[in-house]
Amino acid sequence: RQRDKAADPGVAHFGLARALARAKVYPRAERELAEARGAGLATPMLETLAGEIRTAQADAAGAIKLVGEARKRYPLNRALLYQQIELLLGNRRAPEALDIIGRELALRTQDPQLYKLQARGLAAVGRQSAQHRALGELYALQGNLIAAVEQLQIAQKAGDGDFYEQSAIDARLREFKTRQAEEAKQQRAGS
Numbered sequence: 005r006q007r008d009k010a011a012d013p014g015v016a017h018f019g020l021a022r023a024l025a026r027a028k029v030y031p032r033a034e035r036e037l038a039e040a041r042g043a044g045l046a047t048p049m050l051e052t053l054a055g056e057i058r059t060a061q062a063d064a065a066g067a068i069k070l071v072g073e074a075r076k077r078y079p080l081n082r083a084l085l086y087q088q089i090e091l092l093l094g095n096r097r098a099p100e101a102l103d104i105i106g107r108e109l110a111l112r113t114q115d116p117q118l119y120k121l122q123a124r125g126l127a128a129v130g131r132q133s134a135q136h137r138a139l140g141e142l143y144a145l146q147g148n149l150i151a152a153v154e155q156l157q158i159a160q161k162a163g164d165g166d167f168y169e170q171s172a173i174d175a176r177l178r179e180f181k182t183r184q185a186e187e188a189k190q191q192r193a194g195s
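Numbering (the working numbering), first residue to last: 5 to 195.
What follows is the structure in structure tokens.
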């Protein structure tokens, strides 16, 4: 027999915590989350809400710590990943955020949200070439090759990247322009 979720006290406490958080009754919301945990509820959604509540109470350090610990328990959860990066970026800890983004992009090269966050982090540390390269990757993943090419051209002109960065930008720009030309050729052939 499957357990009735509506009768699960952990789920009930979580639901109440979410409602209290929306009503900005944060101390009670935190107590309800503690009750949910005590009732055995363990889910990334609970941890995400706990981070949101800490953030809403202007406890950035507490939120960063809480979400970082939750990510150790749920390393594949994207909501926690994005929340951790947002918290770090929002609290002037861009280098830490960029380290996490770099590790994640090595595993997930097709995640537009990571490129968007990476661009924000790179802007925060003043790395214009790399920032525009990240934006180029974001636009390419979204299917906007024109914007991707424009961003890579801006990256080339920024001039603050080292030899390897510039080489990578040049290679991606050639690749995107080739794809752009192929798409244009296919469109002409199809019309």
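Positions of the beta carbon are idealized from the N, C-alpha and C atoms, including for glycine.
Note that the structure is a prediction, hence the values are computed from the model and not measured.
Annotation for Pro116: the continuous alpha helix (DSSP H) segment containing it runs Pro116 to Ala128. For Ala172, the uninterrupted alpha helix (DSSP H) segment begins and ends at Phe167 to Gly194.
Setting aside the 5 residues that flank it on each side, Leu45 is surrounded in the same chain by Asp12, Gly14, Val15, His17 and Phe18, each with a C-beta closer than 8 Å to its C-beta; the list follows chain order.
When the alpha-carbon of His136 is set against those of Ile104, Arg82 and Val153, the nearest one is in Val153. Here DSSP, grouped into helix, strand and coil, assigns Leu145 to helix. Annotation for Pro99: the continuous alpha helix (DSSP H) segment containing it runs Ala98 to Leu111. Distance from the CA of Leu102 to the CA of Ala38, rounded to the nearest whole angstrom, comes to 32 Å. Within a 10 Å sphere around the beta-carbon of Ile150 sit fewer than 16 other beta-carbons, which makes this residue exposed. Boundaries for Ala46: no alpha helix (DSSP H) harbours it, and the DSSP string shows neither H nor E there.
Cβ-Cβ distances below 6 Å link Ala64 to Asn95 in the same chain, with the five nearest sequence neighbours on each side left out; the list follows chain order.
Secondary structure of Gly163 (DSSP, three-state): coil.
Rounded to the nearest whole angstrom, the CA to CA distance from Gln61 to Ala83 is 20 Å. Here Tyr143 has Ala151, Ala152 and Gln155 as same chain residues with Cβ atoms under 7 Å from its own Cβ, once five neighbours each way along the sequence are excluded. Using a Cβ distance threshold of 8 Å, Gln87 and Gly72 do not count as a contacting pair. For Ala27, no alpha helix (DSSP H) run applies, since DSSP gives it neither H nor E.
For Glu100, the closest of Gln114, Arg112 and Arg124 by C-alpha to C-alpha distance is Arg124. Judged by DSSP secondary structure, Tyr86 falls within the alpha helix (DSSP H) whose first and last residues are Arg82 to Gly94. A distance below 6 Å between beta-carbons, with the five flanking residues on each side excluded, links Ala54 to the following residues of its chain, in chain order: Leu37 and Leu70.
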